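Engineer: Just passing along the structure, written as structure tokens.
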Amino acid sequence: MEHFEPGQLFGFFTFMMVLQLLWVGLFVPETKGVPLEEMQSRLGIA
0 MEHFEPGQLF GFFTFMMVLQ LLWVGLFVPE TKGVPLEEMQ SRLGIA
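To convert, note that position 6 of the sequence shown is 5 in numbering that gives the first Met the number 0; the numbers rise steadily by one, no gaps.
The structure is reproduced here in structure tokens:
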């Protein structure tokens, strides 16, 4: 990590956090208040 400036590392981690936020917002289903049985059927587990 000695080859990178602190600002470059901060920018990289910021970029990765934005990607993670988009992934969660777009692809991870909301499960608040959903019974376990319904979650299993939605996810194709049961």
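We put the CB at the ideal spot given by N, CA and C, even for glycine.
Model, not experiment: these values are computed from the prediction.
1) Pull up the distance between the alpha-carbon of L25 and that of V17, whole angstroms please.
2) By Cβ distance below 7 Å, which residues in the same chain neighbour S40 in space, the five residues on each side in sequence not counted?
3) Between which two residues does the alpha helix (DSSP H) containing V27 stretch?
4) Taking E37 as part of the alpha helix (DSSP H), name the residues at either end of that continuous run.
Structural biologist: On the basis of the supplied data:
1) Residue 25 sits at position 26 when you count from the first residue of the sequence shown. Residue 17 sits at position 18 when you count from the first residue of the sequence shown. Spanning the two alpha carbons is a distance of roughly 12 Å.
2) Your numbering for residue 40 matches position 41 in the sequence shown. Excluding positions up to five away in sequence, the list is empty.
3) Here residue 27 refers to the residue found at position 28 of the sequence shown. Premise fails: V27 is in no alpha helix (DSSP H) and is neither H nor E.
4) Here residue 37 refers to the residue found at position 38 of the sequence shown. Where E37 is concerned, the enclosing alpha helix (DSSP H) stretches over L35 to L42.
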